[in-house]
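Colleague: In this note's numbering, each number is its position in the sequence shown, counted from 1, plus 2. Note that beta-carbon positions come from the ideal geometry of N, C-alpha and C, so glycine has one too. Please read all numbers here as calculations on a predicted model, not as lab measurements.
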Amino acid sequence: MDTKEKYARYVNTAFMSKVQPVVFEKGKGSKVYDEEGKEYIDCFAGIAVTNAGHANPDIAEAAKSQIDKFFHCCSYYYYVKIVADLAEKLASITPGRLQKTFFGNGGAEAIEGALRLAKQYTDGYEFIALHASFHGRSLATLSITGNATRKRGGGPYMPGVAFMPPPYCYRCFFELEYPSCGLKCARFLEETISFSTSGAVAAFIAEPVMGEGGIIVPPEGYFEKIKEICDKHGILFIADEVQSGFGRTGKMLAIEYWDVEPDIMVMAKGLAGGFPLSAFIARSEIADSFKPGDHLSTFGGNPISCAAGLANIEFLEKNHLSEQAAEKGAYLMDKLNALARKHTIIGDVRGKGLMVGMELVEDRSTKEPSSSGGSIQAECLEAGILMGVGGIYGNVLRVQPPLVIEKEELDTVVDCLDRVLP
Ligand code: PLP
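1) On the premise that residue 42 lies in contact with residue 291, defined as a C-beta separation below 8 Å, what is that separation, rounded to the nearest angstrom?
2) Say the cut is 7 Å; is the CB of residue 136 nearer than that to a heavy atom of the ligand PLP?
3) Do you know how far the Cα of residue 220 is from the Cα of residue 170?
4) When the Cα atoms are used, what is the spatial distance from residue 421 to residue 177?
5) Figure out for me which residue from 410, 319 and 305 has the closest Cα to the Cα of residue 80.
6) In its own chain, which residues sit with a C-beta less than 7 Å from the C-beta of residue 414, not counting the 5 before and 5 after it?
7) For residue 315, which residues from the same chain have a beta carbon less than 7 Å from its beta carbon, with the 5 sequence-adjacent residues on both sides left out?
8) Count the other CB atoms within 10 Å of the CB of residue 203; is the residue buried (16 or more) or exposed (fewer)?
9) Measure how close the beta-carbons of residue 137 and residue 167 come, nearest whole angstrom, since I'm counting them as under 8 Å.
10) Are there 16 or more other CB atoms within 10 angstroms of the CB of residue 224, so buried, or fewer, so exposed?
11) The ligand PLP and residue 242: does any heavy atom of the ligand fall closer than 7 Å to the residue's C-beta?
12) Do the CB positions of residue 51 and residue 271 come within less than 8 Å of each other?
13) Could you check how far apart the C-beta atoms of residue 357 and residue 199 are, in whole angstroms? I think they sit under 8 Å.
14) Counting Cβ pairs, one atom from each stretch, are 3 or more of them under 8 Å apart for the region 266-284 and the region 94-109?
15) According to DSSP, what are the bridge partners of residue 29?
16) Can you look up residue 12 in the DSSP assignment and give me helix, strand or coil?
17) Excluding five sequence neighbours on each side, which residues of the same chain lie with their C-beta closer than 6 Å to the C-beta of residue 29?
18) Per DSSP, residue 409 forms a beta bridge with which residues?
19) For a quick check, are the C-beta atoms of residue 264 and residue 241 less than 8 Å apart?
20) For residue 154 and residue 63, I'd like the C-alpha separation in whole angstroms.
21) Residue 245: beta carbon under 7 Å from a heavy atom of the ligand PLP?
22) Any idea what DSSP makes of residue 242, helix, strand or coil?
23) Find the nearest neighbour of residue 359 within the set 9, 48 and 212, judged by alpha-carbon distance.
24) Expressed to the nearest angstrom, what Euclidean distance is found between the alpha-carbon atoms of residue 111 and residue 322?
25) From this set, 384, 144, 338 and 206, which residue's C-alpha is nearest residue 399's C-alpha?
26) Given residue 27, which residues of its chain have a CB within under 7 Å of its CB, disregarding the five upstream and five downstream residues?
27) Quick check: does the Cβ of residue 110 come within less than 7 Å of any heavy atom belonging to the ligand PLP?
28) Please classify residue 352 as buried or exposed, where buried requires at least 16 other C-beta atoms within 10 Å of its C-beta.
29) Would you call the region 9-24 and the region 372-387 touching, i.e. three or more CB-CB distances under 8 Å?
30) Using a 10 Å radius around the Cβ and a threshold of 16 neighbouring Cβ atoms, would you call residue 401 buried or exposed?
31) Tell me where the alpha helix (DSSP H) around residue 136 begins and ends.
32) Does at least one heavy atom of the ligand PLP sit under 7 Å from the Cβ of residue 177?
33) What residues are listed by DSSP as bridge partners for residue 21?
34) State the start and end residues of the unbroken alpha helix (DSSP H) segment that holds residue 188.
Here it is, written out as structure tokens:
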């Protein structure tokens, strides 16, 4: 039985939505190789995870040396040095007074912890999230996810969640234009608090750049306005950096593009270069509202993952990969904008750094979403390029490669898109 047959028989493939018929065996840098040895340029990085490149030797070395010490230790009773070292590093690279980290394994788990911490600190019990957001697949994280496609079959969801329109300028829910809109989508937080909650709001949560929703970049001033309103009402601002973090957008953390300090920040995906690790970090007085024994994850802060995480961040810093992402992203966006002048299916090109989306439409004036995303993705695969597809209408091509990708490889990607786009 080959791998695909074993999957069909033994793997619950609920996590696979549009299966691509390829079995991967290994990777190096920005490339991955299938079992027949065919090479692919990876423009998705395992959903924005392998920012420092596949099989990064520095990360591998750090993980291997930790493996030789031990794989796991009981975090309930004992201290482990590498956990403290990574937590210290996270405090130094995250904005403002964010200082104390709780470690988990995956994004959803860390978001859950952040929600619980916000409740404990504020005594509030409600949350405000955005339409088109995505925060994970557990019950609480689906409850704050603003997308029916992801939530189907999982309800009823957690009460006490209010949603408000996202900062999606290309499809503004208020049908306004920036900047004459006066940031209506941010100001609407006031109305949401007044009319969609009981006033006991613990936190507002948002992705600094919305990933699964279709690489949606909020306009300038958005988060400053949001934070101002949050502060006025004693509501915490949780930044979900699970997808946008670790150099991806051209900054170590995407929220650095705005002049705000989140109260809690959640990280995962790119944190440990492919090893399972997540974290939420908060100011000391917020973190300390958890009392000893309040929260625990058996595998959270796994020493191998923490060693990988520390090596990953050091690699990103040493090689200036945030700056590289900013520069290569600008280069790519120029080229994609040039493609947009040729291919009318491209309705919008947007992004920050190497978190880039290209929204496909049937018609530029009506903006009717195109259904060609999947077939374009399949043609790219055939040509040796892995491409992501997302967005609330499934019509956004996502280019989120390892940040070590070379400009010549980006040229190859653009040439391929030029060939396959109608
Ligand atoms: N938050 C955001 C912004 C995400 O993009 C994701 C995953 O795509 C999650 C949370 C959930 O992370 P995980 O799949 O590790 O649970």
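Modeller: Let me spell this out:
1) So it is not a contact: roughly 46 Å between Cβ atoms.
2) Yes, the ligand PLP has a heavy atom inside 7 Å of this Cβ.
3) When the Cα atoms are used, residue 170 and residue 220 turn out to be separated by approximately 7 Å.
4) Rounded to the nearest angstrom, the two C-alpha atoms are 34 Å apart.
5) Considering only alpha carbons, the answer is 305.
6) Answer for residue 414: 43, listed in chain order.
7) If we look at residue 315 and ignore the five residues flanking it on each side, its Cβ neighbours are 91 and 95.
8) Buried is the call here.
9) With a Cβ gap of about 17 Å, residue 137 and residue 167 do not count as contacting.
10) Residue 224 is buried by the Cβ-count criterion.
11) Correct: residue 242 has its Cβ closer than 7 Å to the ligand PLP.
12) In this structure, the beta-carbon distance from residue 51 to residue 271 falls below 8 Å.
13) So it is not a contact: roughly 31 Å between Cβ atoms.
14) Flag = yes, the region 266-284 and the region 94-109 touch.
15) Answer is 34.
16) Helix.
17) Correct list, in chain order: 56 and 57.
18) Residue 409 is not bridged to any residue.
19) Cβ distance < 8 Å, so residue 264 and residue 241 count as in contact.
20) CA-to-CA, the gap between residue 154 and residue 63 works out to about 42 Å.
21) True, at least one ligand heavy atom lies under 7 Å from that Cβ.
22) Of the three classes helix, strand and coil, the one that applies to residue 242 here is strand, per DSSP.
23) Nearest C-alpha to residue 359: 212.
24) About 30 Å.
25) Among 384, 144, 338 and 206, the Cα nearest to that of residue 399 belongs to 338.
26) So the qualifying residues of the chain are 35, 36 and 37.
27) The answer is yes for residue 110.
28) Flag for residue 352 reads buried.
29) Result yes; three or more Cβ-Cβ pairs closer than 8 Å.
30) By the neighbour-count rule (16 or more Cβ atoms within 10 Å), residue 401 is buried.
31) Taken as a continuous stretch (DSSP letters only), residue 136 belongs to no alpha helix (DSSP H), as it is neither H nor E.
32) In this structure, the C-beta of residue 177 stays at least 7 Å away from each heavy atom of the ligand PLP.
33) BP columns for residue 21 are empty, so no partner.
34) Residue 188 -> alpha helix (DSSP H) spans 186-198.
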